[in-house]
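Student: In our numbering, the protein residues as written are 606 to 981. Sharing a structure below in structure tokens format, with a few things to ask.
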Ligand code: G3P
Ligand code: MG
């Protein structure tokens, strides 16, 4: 598991500090390790200092992503150490975020390569998962510009649980919730399908909202009771990939969708908001979810619930908007003080960051050294 038990003497010596590491731009650039990343994690493992990997990335199951990172950084990591953008979505299976249980409802899962996010959703426990690729494969005319990608979608599409039948909505495919698990690969198709569902009557594909009979509402796009909720898992407008300049992330897709939604419906000017829930860093829901996982892991490692509290958590990130802002604003339920360390190996490229970190470090190795030094 995460720590070699041989180093652990007793729970009373459980360290009272912990770390949260962002991944892209801190530990890796796409799949390339950032120098010093392995040493940084190994130093903490040798001192039995708990840490989690807290990323707005995703697209694979936690076990698969951790196995990849373990291999890239040549370090043994337990799957419980990672919180991805969509990890909190697993709570929606039995009901969360004020949402009824979705286990047996039909959900649209968008984003990621091929079928990967559907497979993750099914491993979380969702029983009826549809992807935009399934819908396109069944109805190629739903997005006329995807002809060149038909073979790609055919390679993983599954038959729809119900047809899209505008002549008989009672037997037509009904989507109960939409979850954007990871960065969409085909913004056009995914935006078209999501907007079709938002414009629909109660999520029944192929229909248009009846606006609950309220004639004074805009002709299209009225959000109504029973409208399928829309969840995004990551607000990042930019992220650090292998290219030397930051790349547009899931936040870019959401902004494009919101722009199209406003054009289609008149948007906020017409009183038609895009009703959505966004999780991921910098939001407190994600930091709270991460802190609780960190504490569970720590109790498991020391085989004890009666550990001294963690006094300081050091969040090391490359994106001021998500990593620094989130750590700076998160109010721990367990009395821990979260500190933010901004590194220069990712999105942040110098100058005054939009959100002031506790400190700025060259890279993750220097960041960990700084934190250990002030924790003496
Ligand atoms: O899609 C991944 C990207 O949005 C950022 O990932 O690890 O820097 O939070 P990370
Ligand atoms: Mg990052």
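Note that the Cβ used here is the ideal one computed from N, Cα and C, for glycine as well. Bear in mind that the values here come from a model prediction, so they are computed numbers and not experimental data.
What does the Cβ neighbour count give for residue 919, buried or exposed, with the cut at 16 atoms within 10 Å?
Tutor: What you label residue 919 is simply residue 314 of the chain shown in a count that begins at 1. When all chains shown are included, residue 919 counts as buried.
Student: Between residue 634 and the rest of its own chain, which residues show a CB-CB distance below 8 Å, the 5 nearest in sequence each way excluded?
Tutor: The residue labelled residue 634 in the question sits at position 29 within the chain shown. Only 845, 846, 847, 950, 951 meet the Cβ criterion.
Student: Does residue 675 come out as helix, strand or coil in the three-state DSSP assignment?
Tutor: As a first step, residue 675 is located in the chain shown; it is residue number 70 there, counting from the start. If DSSP states are grouped into helix, strand and coil, residue 675 belongs with the helices.
Student: For residue 980, does the three-state DSSP call read helix, strand or coil?
Tutor: Within the chain shown, the letter at position 375 stands for residue 980. Here residue 980 sits in coil by DSSP.
Student: Kindly examine ligand 4 and report whether one of its heavy atoms sits closer than 7 Å to the Cβ of residue 843.
Tutor: Absence of ligand 4 is noted for the structure shown, with ligand 1 and ligand 2 being the only ligands found.
Student: When the Cα of residue 667 is compared with those of 683, 941, 766, which residue comes out closest?
Tutor: As a first step, residue 667 must be located in the chain shown, where it is residue number 62. Considering only alpha carbons, the answer is 683.
Student: Less than 7 Å separating the Cβ of residue 855 from some heavy atom of ligand 1?
Tutor: Taking the chain shown and counting its residues from 1, the one referred to as residue 855 is at position 250. It does: the Cβ of residue 855 is within 7 Å (strictly closer) of some heavy atom of ligand 1.
Student: Measuring straight from C-alpha to C-alpha, what distance separates residue 646 and residue 731?
Tutor: Looking up residue 646 in the chain shown gives position 41. Looking up residue 731 in the chain shown gives position 126. One C-alpha to the other measures close to 34 Å.
Student: Does ligand 2 have even one heavy atom less than 7 Å from the beta-carbon of residue 629?
Tutor: Here residue 629 refers to the residue found at position 24 of the chain shown. Yes, the Cβ of residue 629 comes within 7 Å of a heavy atom of ligand 2.
Student: Between residue 975 and the rest of its own chain, which residues show a CB-CB distance below 8 Å, the 5 nearest in sequence each way excluded?
Tutor: Here residue 975 refers to the residue found at position 370 of the chain shown. So the qualifying residues of the chain are 946, 964, 966.
Student: Out of 973, 978, 981, which one is the CA nearest neighbour of residue 624?
Tutor: Your numbering for residue 624 matches position 19 in the chain shown. Nearest C-alpha to residue 624: 973.
Student: Restricting to Cα atoms, I'd like to know which of 801, 790, 885 is closest to residue 839.
Tutor: Translated into positions along the chain shown, residue 839 becomes position 234. Checking every option, the nearest Cα to that of residue 839 belongs to 885.
Student: Our contact map puts residue 733 next to residue 712 with C-beta atoms below 8 Å; I'd like the distance itself, whole angstroms only.
Tutor: The residue given as residue 733 occupies position 128 in the chain shown. The residue given as residue 712 occupies position 107 in the chain shown. Indeed they touch by this definition, with Cβ atoms about 7 Å apart.
Student: Determine the DSSP secondary structure at residue 844, reduced to helix, strand or coil.
Tutor: As a position in the chain shown, residue 844 is number 239, starting the count at 1. It is a strand residue.
Student: Can you tell me the Cα-Cα spacing of residue 932 and residue 776, whole angstroms?
Tutor: Here residue 932 refers to the residue found at position 327 of the chain shown. Here residue 776 refers to the residue found at position 171 of the chain shown. Their backbone Cα atoms lie some 47 Å apart in a straight line.
Student: Using only the heavy atoms of ligand 2, determine whether one of them is closer than 7 Å to the beta carbon of residue 931.
Tutor: Sequence index remark: in the chain shown, residue 931 carries index 326 (1-based). Outside the cutoff, so no.
Student: Can you list the beta strand (DSSP E) stretches of 3 or more residues lying completely in the region 694-718, in chain order?
Tutor: Whole beta strand (DSSP E) segments, 3+ residues: 711-715.
Student: To which residues does DSSP link residue 633 through a beta bridge?
Tutor: Locating residue 633 in the chain shown gives position 28, counting from the first residue. In the DSSP output, where bridge partners are listed per residue, residue 633 has 629, 638.
Student: So, for residue 741: in the same chain, excluding its five sequence neighbours on each side, which residues have a beta-carbon less than 7 Å away from its beta-carbon?
Tutor: What you label residue 741 is simply residue 136 of the chain shown in a count that begins at 1. These residues qualify, in order along the chain: 747, 748, 751, 758, 794.
Student: Between residue 833 and residue 780, how many whole angstroms is the CB-CB distance? I'm expecting something under 8 Å.
Tutor: In the chain shown, the residue the question calls residue 833 occupies position 228. In the chain shown, the residue the question calls residue 780 occupies position 175. Confirmed, Cβ separation roughly 5 Å.
Student: For residue 943, write down the residues that DSSP places opposite it in a beta bridge.
Tutor: Numbered from its first residue, the chain shown carries residue 943 at position 338. Answer is 918, bridged to residue 943.
Student: May I ask you to report which of helix, strand or coil DSSP gives residue 661?
Tutor: As a working mapping, residue 661 is identified with position 56 in the chain shown. Residue 661: coil per DSSP, three-state reduction.
Student: Which residue comes first and which comes last in the alpha helix (DSSP H) that contains residue 725?
Tutor: The residue given as residue 725 occupies position 120 in the chain shown. Residues 721-729.
Student: Touch check for the region 648-661 and the region 860-876: three-plus C-beta pairs under 8 Å?
Tutor: Counting Cβ pairs under 8 Å, fewer than three are found: no touch.
Student: On the three-state DSSP scale, how would you describe residue 890?
Tutor: On the chain shown, residue 890 is found 285 positions in, with the first residue counted as 1. Three-state DSSP puts residue 890 in a helix.
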